[in-house]
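In my numbering, the protein residues as written are 3 to 496. Yeah, the Cβ is synthetic: ideal placement off N, Cα and C, and Gly gets one too. Owing to the predicted nature of the structure, the values given are computational and were not obtained by experimental measurement. Below: the structure, in structure tokens.
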């Protein structure tokens with residue numbers, strides 16, 4: 003292998019690992035099993051597979067083609083298409099940045115639990131321990147003035163690790179870390195799943211995946227849930243694939259890469275679900291807690307239900323427990339890095355700030371915002387912010403990208419870019435999906451998310467969402483209006 007081909011292979015491999023790492027995030031370890039179970043069990047796999055091809059792969063291809071063709075940051079790409087579109091880019095990037103600020107906090111909780119798991123320090127009542135001893139949670143806004151030192155320290159540690167990795171370029175930073183963490187993550191998941199299958203009652207759990215409720219296929223909400231899961235798991239609309247693709251060397255097989263990333267992510271979700279359901283089946287048998295109550299435990303599963311499982315598991319939990327939380331940590335860190343890359347790239351390109359300084363400023367600002375979620379009221383604010391940013395802002399971002407690249411930009415250019423080196427070709431069918439089918443599906447998801455969020459609002463939620471609305475409108479406009487230091491930024495040729 004020549005040095006050129008070796009360098010190209012390394013860049014492609016780094017890109018693939020980084021993309022897979024961004025897809026296999028913290029939420030996927032639990033979110034997919036819950037969505038699967040509550041939407042028809044095994045029959046959910048039909049709308050899930052349809053959504054994977056119709057939405058997931060189709061939209062990832064758009065981001066790959068745009069990033070690879072322009073070789074620029076998202077902000078500069080949209081500026082190139084139309085000067086009026088630059089605020090849209092900053093809206094997308096800033097929304098993703100805000101999501102990262104609370105996502106770091108959840109990964110920080112996991113860091114705490116790595117140490118707790120060696121001694122099962124959560125005791126006999128993990129639920130109370132998590133709420134009172136770890137989070138010191140309160141729904142009162144007076145809790146904003148009470149910092150939880152342990153959570154703050156863990157969040158600072160996660161931000162430091164993120165900064166240490168992201169300040170380097172793709173191959174030396176994100177790529178190098180992903181090439182180690184992602185295979186290691188897969189090994190840990192295989193160990194956990196293999197062990198879970200040996201537990202008494204495991205079949206009670208995993209049989210749920212293979213017991214379909216065919217009537218669910220006629221329920222529109224099930225199809226919307228499948229589309230929502232694909233948006234969530236592949237990080238669609240976050241410009242991650244677009245940013246990473248801009249680093250790819252010439253001759254890259256874009257369609258082939260997209261297929262590998264999408265199928266790797268979905269394969270991980272399904273395989274991990276077998277382990278998760280097996281453990282829950284074991285817990286249902288040994289504690290007599292109904293299986294459906296375990297599955298609806300929500301986001302507290304990793305920090306409440308699994309510690310309960312580890313309490314029952316005996317001495318083996320002193321090995322499986324730390325491995326489980328280390329697994330979540332690896333998934334979380336790779337996702338955080340991916341979430342920040344697009345924002346850092348756009349700032350660095352527009353204002354000619356070197357990567358290390360950009361990463362430093364972004365991480366410091368992010369850490370300061372994350373401090374809000376390390377207070378006693380932090381978990382309450384986190385839930386509200388998550389509902390708003392995912393149901394309102396992020397889905398709207400995906401819709402805008404469909405309209406921009408499907409209708410405003412010359413779509414045939416993207417087809418040409420994708421087909422140039424790929425073994426698998428795309429054409430008119432893909433164009434129809436992006437221009438017509440996806441905008442309708444995403445609009446449906448967005449309206450459903452808006453209705454769900456508004457209908458469950460209280461005074462506190464409304465206040466927080468109004469503040470977030472103002473922030474995600476004002477800050478992107480400011481960033482777009484600031485003059486570029488990089489004079490090439492205004493070069494609109496492509």
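- Counted as a single uninterrupted DSSP element, the alpha helix (DSSP H) harbouring residue 61 occupies residues 60-72.
- DSSP places residue 447 inside the alpha helix (DSSP H), whose first and last residues are 440-457.
- In the three-state scheme derived from DSSP, where H, G and I count as helix and E and B as strand, residue 355 is classed as coil.
- Boundaries of the alpha helix (DSSP H) around residue 482: 461-483.
- Counting other Cβ atoms within 10 Å of its Cβ, residue 125 stays below 16 and is therefore classed as exposed.
- For residue 200, the three-state secondary structure derived from DSSP is coil.
- When the alpha-carbon of residue 97 is set against those of 36, 211 and 242, the nearest one is in 242.
- Annotation: residue 375 is outside any alpha helix (DSSP H) and is labelled neither H nor E by DSSP.
- Residue 413 holds the alpha-carbon nearest to the alpha-carbon of residue 63 among 446, 413 and 460.
- Within 10 angstroms of the beta-carbon of residue 409 lie fewer than 16 other beta-carbons, which makes it exposed.
- Per DSSP, reduced to three states, the secondary structure at residue 349 is helical.
- The residue from 261, 60 and 400 with its alpha-carbon nearest to that of residue 91 is 400.
- When DSSP states are grouped into helix, strand and coil, residue 149 belongs to the strand group.
- Shown here, residue 128 sits in a helix according to DSSP, grouped into three states.
- In the assembly as shown, residue 490 is an exposed residue. Its beta-carbon has fewer than 16 other beta-carbons within 10 Å.
- By the criterion of at least three beta-carbon pairs nearer than 8 Å, the segment 137-145 is not in contact with the segment 333-345.
- Counted as a single uninterrupted DSSP element, the alpha helix (DSSP H) harbouring residue 415 occupies residues 413-421.
- With fewer than 16 other Cβ atoms inside 10 Å of its own Cβ, residue 460 counts as exposed.
- Apart from sequence neighbours up to five positions away, the residues of its chain that approach residue 386 with a beta-carbon distance below 8 Å are 462, 463, 466 and 467, ordered along the chain.
- Non-local beta-carbon contacts of residue 261 in its own chain, meaning distances under 8 Å to residues more than five positions away in sequence, involve 59 and 426 in chain order.
- Going by C-alpha positions, residue 227 is about 19 Å away from residue 279.
- Around the beta carbon of residue 111, 16 or more other beta carbons sit within 10 angstroms, so the residue counts as buried.
- When the Cα atoms are used, residue 437 and residue 48 turn out to be separated by approximately 23 Å.
- Per the Cβ contact rule, the segment 267-284 is in contact with the segment 193-210 (3 or more Cβ pairs under 8 Å).
- Take the alpha-carbon of residue 354 and the one of residue 487: they are about 6 Å apart.
- Contact between the segment 63-76 and the segment 232-251 is present, with at least three C-beta pairs closer than 8 Å.
- By the CB criterion at 9 Å, residue 341 and residue 121 fall outside the cutoff.
- DSSP places residue 267 within a helical segment (H, G or I) once states are collapsed to three.
- Taken atom to atom, the span from the alpha-carbon of residue 270 to that of residue 323 is near 20 Å.
- The segment 343-351 makes no contact with the segment 146-161, as fewer than three CB pairs between them are under 8 Å.
- By a beta-carbon distance limit of 8 Å, residue 287 does not contact residue 192. Their separation comes to about 23 Å.
- DSSP places residue 437 in no alpha helix (DSSP H); its state is neither H nor E.
- Contact between the segment 441-452 and the segment 388-399 is present: three or more C-beta pairs spanning the two stretches fall below 8 Å.
- Within 10 angstroms of the beta-carbon of residue 84 lie fewer than 16 other beta-carbons, which makes it exposed.
- Between the alpha carbons of residue 127 and residue 105 lies a distance of about 25 Å.
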